[in-house]
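What follows is a single structure, written as structure tokens, with notes after it.
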Amino acid sequence: MVVVNAADSDMAAGEIIDATAFFGKITPELLSVAGQLEWVQSPTASLEHYVFDELVAHPCT
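Under our numbering, the first residue of the sequence shown carries the number 1, and numbering increases by one thereafter.
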């Protein structure tokens, strides 16, 4: 397992391409380039400002 703490959105976009898991606030832009994503973990319990249509439709858990 490799854990990456992306310093900025460009680094995150490059790293998420082959990532299987993500922790943090994912954006539609990041999700669109995530080719192998299986799991997304929100850092908060409240999801009303976190969820978007593409994330709901994505097969990740």
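Cβ atoms here follow ideal geometry from the backbone N, Cα and C, with glycine treated the same way. Quick caveat, the model's predicted, so the values are computed rather than measured.
Nonlocal neighbours in the same chain, by C-beta distance under 7 Å from residue i, ignoring five residues either side
{"i": "Gly35", "result": "Ile17, Asp18"}
{"i": "Val4", "result": "Glu15"}
Host alpha helix (DSSP H) of residue i (start-end)
{"i": "Val3", "result": "Counting along the chain, Val3 falls outside any alpha helix (DSSP H), and DSSP gives it neither H nor E."}
{"i": "Val33", "result": "28–33"}
{"i": "Leu55", "result": "53–57"}
Identified DSSP bridge partners for residue i
{"i": "Ala12", "result": "According to DSSP, Ala12 bridges with nothing at all."}
{"i": "Ala21", "result": "Trp39"}
The beta strand (DSSP E) enclosing residue i, as first and last residue numbers
{"i": "Val40", "result": "39–41"}
Contact belief for residue i with residue j at Cβ below 8 Å, rounded distance in angstroms
{"i": "Leu55", "j": "Leu31", "result": "6 Å"}
Chain-order list of residues whose beta-carbon lies under 8 Å from that of residue i (same chain, five-residue window excluded)
{"i": "Thr20", "result": "Gln36, Leu37, Glu38, Trp39"}
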